[in-house]
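What follows is one structure encoded as structure tokens, with my remarks underneath.
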Amino acid sequence: MASFRATFLFLQAILSLAYGQDTSSTGLEAYPNCALECIVTAFGGGSCAPTNQTCICTNEQLQNNITACVTESCPIIEALSTKNISATRCGLPVRNRSGKHVSTSVSMFIFAAVFVGLRFGYKVFAKIEFGMNDWLVLASIVATTPAIFVNVFGTASSGLGKDIWTLPPDKITDTIKYFWVATILYFLDTALTKLSIISFYIHIFPSARVRRLLWGTFAVTSAWGFAFVVGSIVQCQPISYFWTHWDGLHKGHCASPDGIGWSHAIMNIIFDLWILAIPLSQLRKMKLHWKKKVGIAIMFFLGTFVTVVSIVRLPSLAYFTSTTNVTMNFYDLSLWSTVEVCLGIVCACLPTIRLLLVRVFPILGRTNRQRSSEQDALICHARRE
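The sequence shown maps to residues -20 to -1, 1 to 365 in mature numbering (1 follows the signal peptide of the UniProt record, and there is no 0).
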């Protein structure tokens, strides 16, 4: 201990001369006590002189040795404080991606809300009765509204998109808490959007066999959404352990976040493909001109954009339990989840938007006689089923 103390005082004196400032703010005393022995031991290896700041900041082996020792010796909060002091002294850039998250969340929400507004506005104008699919998509945009508020005024303002060591402990806790809320709303939104699309198919495909298949899909999707919403709420006991366990100071336990995240993501993609396959399987049986079939198929295939986003989102799940920089590495997961939900709402509105475009731009549409013949073809096909 005497040897360590002597070495510490020697390094402190040298660093005070090197920085030309009071050691209380720029020397070793700025570091937590638990980190001091790690730093002194690392300098004892002789790889860098204590006054050579460039060597200290660029010597990867020295940094790795200090990091490994601090991680082993210090509580998490003090380890993060050590990282922040070192990063500041080495002039590492302060990363902040929260602004992009806010702009993306707001713009995607406005985009989805405009489509929902056009959907309901057109049906009111055309005096088309609202159906279950309309109310479900309305429920989805309503559920998305607090999710966007959480993104903007919760996760982003608390620290999402920033390195965890640059944040005070209370901001880290707040960021993870808001992320938990956003995850629950994401599970709810994805289920509601799928239910809206399924109920639309139930409305346009009156075949008894197809309707049984669709109602079965509706029931399974409802159970899937309910299970994940409830599961995400109670995955940790106590519930608050989800956003407090990061500091290592609280007691509790959680179900596997990896299991919840990956199982939902994979089932989400499977449901998307299944919901796309049902109308396409019926489309080929309809007595429509091939050009009309192609047009309707293209509209259905636009829904695959949501599936593409779901697939792009998958790599971000890899950080769910392995990362130590949660406020930065949860950024992509949060961003792509927001994009996926909003695009899902847009895709659910496409059939009505198509009717609106035909009304506004008649050249894109067809004559009343063509419309009637296509509707008759659909009904006749359903009766044969």
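No residue lacks a Cβ here, since even glycine has one placed at the ideal position from N, Cα and C.
If you check the CB distance, residue 157 and residue 76 do not come in under 9 Å.
Burial is judged here by how many other beta carbons sit within 10 angstroms of a residue's own beta carbon; residue 230 has fewer than 16 and is exposed. Taking a contact to require three or more Cβ pairs closer than 8 Å, the region 73 to 90 and the region 293 to 306 do not qualify as touching.
Look at residue 217 here: in three-state DSSP terms it is strand.
Judged by DSSP secondary structure, residue 174 falls within the alpha helix (DSSP H) whose first and last residues are 149 to 184. Counting C-beta pairs closer than 8 Å gives three or more between the region 318 to 331 and the region 107 to 126, which meets the contact rule. Shown here, residue 244 sits in a helix according to DSSP, grouped into three states. The residue from 282, 136, 194 and 289 with its alpha-carbon nearest to that of residue 308 is 136.
When C-alpha distances from residue 97 are compared across 61, 311, 330 and 341, the shortest belongs to 330. Remark: three or more beta-carbon pairs, one from each stretch, lie closer than 8 Å, so the region 174 to 184 and the region 104 to 121 are flagged as touching. Residue 71 is classed as exposed because its beta carbon has fewer than 16 other beta carbons within 10 Å across all chains shown.
The Cβ atoms of residue 209 and residue 152 lie no closer than 9 Å to each other. By the C-beta density criterion, residue 260 is exposed, having fewer than 16 other C-beta atoms within 10 angstroms. In the three-state reduction of the DSSP assignment, residue 103 falls in the helix class, which pools H, G and I.
The region 55 to 73 makes no contact with the region 281 to 301: fewer than 3 CB pairs, one atom from each, lie closer than 8 Å. Straight across, the Cα-Cα distance linking residue 140 with residue 13 is about 29 Å. Closest by C-alpha distance to residue 258, out of 180, 314 and 306, is 180. Comparing alpha-carbon positions, the option among 310, 219, 282 and 317 lying closest to residue 291 turns out to be 317.
Judged by their CB atoms, residue 99 and residue 278 are not nearer to each other than the 9 Å cut-off. Residues of the same chain with a CB within less than 6 Å of the CB of residue 134, apart from the 5 flanking positions on each side, are 158 in chain order. The beta carbon of residue 226 lies closer than 8 Å to those of 56, 152, 153, 156 and 306 in the same chain, with the five residues before and after it left out. If you draw a 10 Å sphere on the C-beta of residue 281, you find fewer than 16 other C-beta atoms in it, and that means exposed.
Rounded to whole angstroms, the Cβ separation of residue 95 and residue 160 is 28 Å, and the two are not in contact under 8 Å.
The alpha-carbon separation between residue 251 and residue 288 amounts to approximately 13 Å. Residue 206 places its beta carbon 9 Å or farther from that of residue 194. Assigned with DSSP and collapsed to three states, residue 234 falls in strand.
As the crow flies, the alpha-carbon of residue 224 is around 22 Å from that of residue 312. Residue 263 and residue 338 have their C-alpha atoms spaced approximately 20 Å apart. Non-local beta-carbon contacts of residue 197 in its own chain, meaning distances under 6 Å to residues more than five positions away in sequence, involve 178 in chain order. In the three-state reduction of the DSSP assignment, residue 76 falls in the strand class, which pools E and B. Scanning its chain for C-beta atoms nearer than 6 Å, with the 5 sequence neighbours on each side dropped, one finds around residue 218 the residues 232, in chain order.
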